[in-house]
């Protein structure tokens, strides 16, 4: 048994084994190995129809789609991927079917590099999700701060002699609008480096312009500020 022969630090979890099997084995090879069926001479460009291996029938109804590594029987309704196929043939759980496939197709020597690729993809996906969450948090912050500045403008316009201050506020709002537009269009940017660059630029703007203003306001208003901005 290959799982018993490998070292402790090389053992794969059921999820890792399932992913490794899906990434390594084609459904054509699985059908030939476990059912003795070759699709080499079966007609069909994308989908090949053969007699179902799960029930008796006169007219072939088992559709095999090699490009997607899946099967679907229009007679008995059996369907799934290569792991489902082996679990049905062997009458075992999907996790056990994955281990059987890994053992029969001798994937041990491929496990290390394949597993590393799987983990790298997963880590990359987590990083992207975390970055998108940061983008959203920044967008929400800028949007809320912009609304606060608009309220400030309404208050200032009722007073006289504050035109210079009003001009500065409009300048900050203009900058915020620019960064908000960049954040809202982030998903349309094809170059990830440009997207990160925009995020860094917006973050620097917040650190240089907005945070000092907030700090100054907190120091000036004290408890009154926190009372006005407390969370509901």
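In the working numbering, the protein residues as written are 3 to 234. All C-beta atoms, glycine included, are put in the ideal place defined by N, C-alpha and C.
Q | Cβ neighbours of residue 48 in the same chain (closer than 7 Å, five flanking residues each side left out) | A | For the purposes of this step, residue 48 is taken as the residue at position 46 of the chain shown. The residues are 67 and 69.
Q | Residue from 213, 186, 223 and 208 whose Cα sits closest to the Cα of residue 134 | A | As a first step, residue 134 is located in the chain shown; it is residue number 132 there, counting from the start. Measuring from the Cα of residue 134, the nearest candidate turns out to be 186.
Q) Can you tell me the Cα-Cα spacing of residue 86 and residue 72, whole angstroms? A) Here residue 86 refers to the residue found at position 84 when the chain shown is read from its first residue. Here residue 72 refers to the residue found at position 70 when the chain shown is read from its first residue. If I take the Cα positions, the gap works out to 9 Å.
Q. Which residue from 35, 42, 79 and 30 puts its Cα closest to that of residue 54?
A. Mapped onto the chain shown, residue 54 falls at position 52. Of the listed residues, the one whose Cα sits closest to residue 54 is 79.
Q | Cutoff 8 Å; reference residue 62; Cβ partners in own chain excluding five residues on either side | A | Counted from its first residue, the chain shown places residue 62 at position 60. Answer for residue 62: 51, 52, 53 and 54, listed in chain order.
**Q.** Nonlocal neighbours in the same chain, by C-beta distance under 8 Å from residue 10, ignoring five residues either side
**A.** By 1-based counting over the chain shown, the position of residue 10 is 8. The predicted position of residue 10 is uncertain, since its pLDDT is 37 and thus under 50; no value can be drawn from it.
Q) Is it buried or exposed for residue 101, if we count other Cβ within 10 angstroms and need 16 for buried? A) Reading the chain shown from its first residue, position 99 is the one you call residue 101. Residue 101 is buried by the Cβ-count criterion.
Q | Inter-residue spacing [alpha-carbon to alpha-carbon] between residue 39 and residue 83 | A | In the chain shown, the residue the question calls residue 39 occupies position 37. In the chain shown, the residue the question calls residue 83 occupies position 81. Looking at the two C-alpha atoms, the distance is approximately 16 Å.
Q: With a 10 Å radius around its C-beta and 16 neighbouring C-beta atoms as the bar for buried, classify residue 32 as buried or exposed.
A: By 1-based counting over the chain shown, the position of residue 32 is 30. By the 10 Å Cβ count, residue 32 comes out buried.
Q. Is the beta carbon of residue 97 less than 9 Å from the beta carbon of residue 194?
A. Within the chain shown, numbered from 1, the residue matching residue 97 stands at position 95. Within the chain shown, numbered from 1, the residue matching residue 194 stands at position 192. Their beta carbons are not under 9 Å apart, which means residue 97 does not touch residue 194 by this criterion.
Q.
My output table needs one value for residue 17: the three-state DSSP class, helix, strand or coil.
A. The count along the chain shown starts at 1 and reaches residue 17 at position 15. Of the three classes helix, strand and coil, the one that applies to residue 17 here is helix, per DSSP.
Q) Is the CB-CB distance between residue 242 and residue 181 below 9 Å? A) Given that the chain is displayed from residue 3 to residue 234, the structure contains no residue 242 and the question cannot be resolved.
Q: Can you grab the Cα-Cα spacing for the pair residue 176 / residue 21, in whole Å?
A: To locate residue 176, count along the chain shown from 1; it is residue 174. To locate residue 21, count along the chain shown from 1; it is residue 19. Using only the alpha carbons, I get a separation of about 49 Å.
Q) Among residues of its own chain, excluding the 5 on either side of residue 6, which ones have a beta-carbon nearer than 8 Å to its beta-carbon? A) For the purposes of this step, residue 6 is taken as the residue at position 4 of the chain shown. Low confidence applies here, because residue 6 scores a pLDDT of 35, under 50, leaving its location unreliable; read the following figure in that light. Hits under 8 Å: none found.
Q: If I'm right that residue 171 touches residue 151 with Cβ under 8 Å, what's the distance once you round it to whole angstroms?
A: Working through the chain shown from its first residue, we reach residue 171 at position 169. Working through the chain shown from its first residue, we reach residue 151 at position 149. The Cβ separation is near 5 Å, so the contact holds.
Q) If residue 137 sits next to residue 188, beta carbons under 8 Å apart, how far is it from one beta carbon to the other, in whole angstroms? A) Your numbering for residue 137 matches position 135 in the chain shown. Your numbering for residue 188 matches position 186 in the chain shown. Between residue 188 and residue 137 the Cβ distance is about 6 Å, and since that is below 8 Å, they are a contact.
Q. Any idea what DSSP makes of residue 107, helix, strand or coil?
A. If you number the chain shown from 1, residue 107 lands on position 105. If DSSP states are grouped into helix, strand and coil, residue 107 belongs with coil.
**Q.** Spatial neighbours of residue 30 in its chain, beta-carbon cut-off 7 Å, leaving aside the 5 residues before and after
**A.** For the purposes of this step, residue 30 is identified with residue 28 of the chain shown, where counting begins at 1. Within the same chain, residue 30 has close Cβ partners 41 and 68.
Q) Would you report the Cα separation of residue 148 and residue 178, rounded to the nearest angstrom? A) The count along the chain shown starts at 1 and reaches residue 148 at position 146. The count along the chain shown starts at 1 and reaches residue 178 at position 176. So the alpha carbons of these two residues sit roughly 7 Å apart.
**Q.** Assigned secondary structure, residue 217 (DSSP; H/G/I helix, E/B strand, else coil)
**A.** To locate residue 217, count along the chain shown from 1; it is residue 215. Of the three classes helix, strand and coil, the one that applies to residue 217 here is helix, per DSSP.
Q. What are the start and end residues of the beta strand (DSSP E) that includes residue 56?
A. As a first step, residue 56 is located in the chain shown; it is residue number 54 there, counting from the start. Where residue 56 is concerned, there is no enclosing beta strand (DSSP E), given that its DSSP letter is neither H nor E.
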